[in-house]
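Read in order, the letters of the sequence shown are residues 23 to 409 in our numbering.
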Amino acid sequence: MSDPLVSRMRQFGTTIFAEMSALAVRTGSINLGQGFPDTDGPPAMLDRAVQAIRSGANQYPPGPGVPELRQAVAEHRLRHYGLTYDPDGEVLVTVGATEAIAASVLALCEAGDEVIAFEPYYDSYAASIALAGASLVAVTLRPVEGRFTFDPDELRAAVTPRTRAILVNSPHNPTGTVFTAEELAFIAGLCQERDLVAITDEVYEHLTFDGVEHIPLATLPGMRERTVMIASAGKTFSVTGWKTGWVCAPPELVRAVQTVKQFLTFTANGPWQLAVAYGLREELAWVADLRAGLEGKRDRLMSGLAAAGFDVLKPAGTYFVQTDIRPLGFTDGLELTRRLPELAGVVAIPTQVFYDHPERGSHFVRFAFCKKDEVIDEAVTRLKRLG
């Protein structure tokens with residue numbers, strides 16, 4: 023039998039995360055690849071999920087999400103960003119941010135449309151765009167004075183009459199950059215000038231460091247009405263397995279996304295939704311402590327990687343540190359990461375797999391620092407063997 027997979031998905035095999043996590047298990051290596059914490063979220067929030075299960079919240083929740091969570095999300099948007107969303111019509115609960123992104127792209131993009139994304143990009147973006155029959159147009163983020171940013175002229179040139187939307191991920195995975203007010207203002211101006219929808223992936227919204235502020239694109243003048251704002255509980259509360267996210271947008275955009283979403287999962291995660299509603303209202307002090315702890319872990323890993331011979335770029339947010347492997351005599355990150363368990367007993371992610379132009383990222387490797395201190399210390403001790 024010929025390959026039964028539809029042609030538009032044949033370029034997408036096993037994800038790099040699955041490959042590298044399996045490699046870590048098979049070789050007994052320390053996994054600094056996939057971005058999941060090795061500690062749990064707020065104990066009281068976890069208890070709320072258990073209570074919800076035991077109290078009978080185990081059947082289908084409402085399709086848009088349980089009212090308690092939709093209300094808590096609306097309260098959170100207003101409290102943190104001054105954005106007002108109606109929980110009944112402008113907030114939609116999804117199975118994590120990944121479903122929210124997929125449903126948004128499928129709902130808003132026709133076959134033949136173009137969607138701009140900044141490369142390197144989270145790998146689900148390309149797959150979602152391909153499923154919609156649209157085309158991804160990549161604008162490259164490059165290191166400038168120690169942080170990744172884009173060339174405004176290159177971004178403007180990427181917009182064509184076929185461009186429907188722009189995917190904006192800030193804080194940005196995998197580079198760790200947080201777009202500045204000036205960068206966001208340029209994106210906002212372009213969206214309004216060319217009538218583009220903005221789909222914003224803000225899952226690391228609370229995980230920024232060194233006093234750097236996350237600014238949602240929807241807060242800029244003229245952008246709330248054309249922005250699909252996506253966030254989730256997984257990174258904020260260290261519960262990545264709960265897969266509970268949400269969309270905030272004007273009613274017509276939410277209706278479009280929900281029309282698709284209802285035929286993907288319809289609904290899910292009733293107990294987790296109730297627990298996350300509690301978390302958004304009561305556990306943001308815990309999140310502030312998490313952020314401070316992660317900043318320390320970032321610095322711990324950066325120091326160790328630099329001592330091991332990597333050229334290290336300092337992230338302003340997320341779970342990840344980007345390194346340039348060329349000072350160690352390597353030029354191909356994919357080759358190095360596949361050999362890294364043998365060379366050093368550590369697993370990382372080759373950044374080049376997140377590019378449409380892999381040669382632009384072939385010398386970068388991503389390490390995750392959302393791990394216990396002793397795990398980070400052991401990993402950097404092993405990585406010193408590379409020198």
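Positions of the beta carbon are idealized from the N, C-alpha and C atoms, including for glycine.
Computed from a predicted model, the values in this text were never measured in an experiment.
Here the alpha carbon of V137 sits roughly 42 Å from the alpha carbon of R407.
If you draw a 10 Å sphere on the C-beta of T353, you find fewer than 16 other C-beta atoms in it, and that means exposed.
Between L323 and F389, the C-beta gap is smaller than 8 Å, which places the two residues in contact. Setting aside the 5 residues that flank it on each side, I237 is surrounded in the same chain by A203 and L206, each with a C-beta closer than 7 Å to its C-beta; the list follows chain order.
A Cβ-Cβ contact shorter than 8 Å links V88 with G292.
Shown here, C270 sits in a strand according to DSSP, grouped into three states.
With a 10 Å radius around the Cβ and a threshold of 16 neighbouring Cβ atoms, D110 comes out exposed. The count of Cβ pairs closer than 8 Å, one atom from the region 360–371 and one from the region 307–327, stays below three, leaving the stretches out of contact.
Runs of the alpha helix (DSSP H) spanning 4 or more residues and lying entirely within the region 84–133 occur at 89–103 and 118–130, in chain order. Take V47, set aside five residues on each side of it, and no residue of its chain has a beta-carbon closer than 7 Å to its own.
Under a 10 Å Cβ-count criterion, Y82 is classified as exposed, with fewer than 16 other Cβ atoms of the shown protein chains found around its own Cβ. Between C270 and R248 the beta-carbon gap is near 13 Å, outside 8 Å, which marks them as no contact.
By the Cβ neighbour-count rule, A152 is buried, with 16 or more other Cβ atoms within 10 Å of its own.
Contact holds between the region 249–268 and the region 111–124, because three or more Cβ pairs, one in each stretch, are under 8 Å apart.
In this structure, D223 is the residue among R382, D223, P337 and G35 with its C-alpha nearest to the C-alpha of S126.
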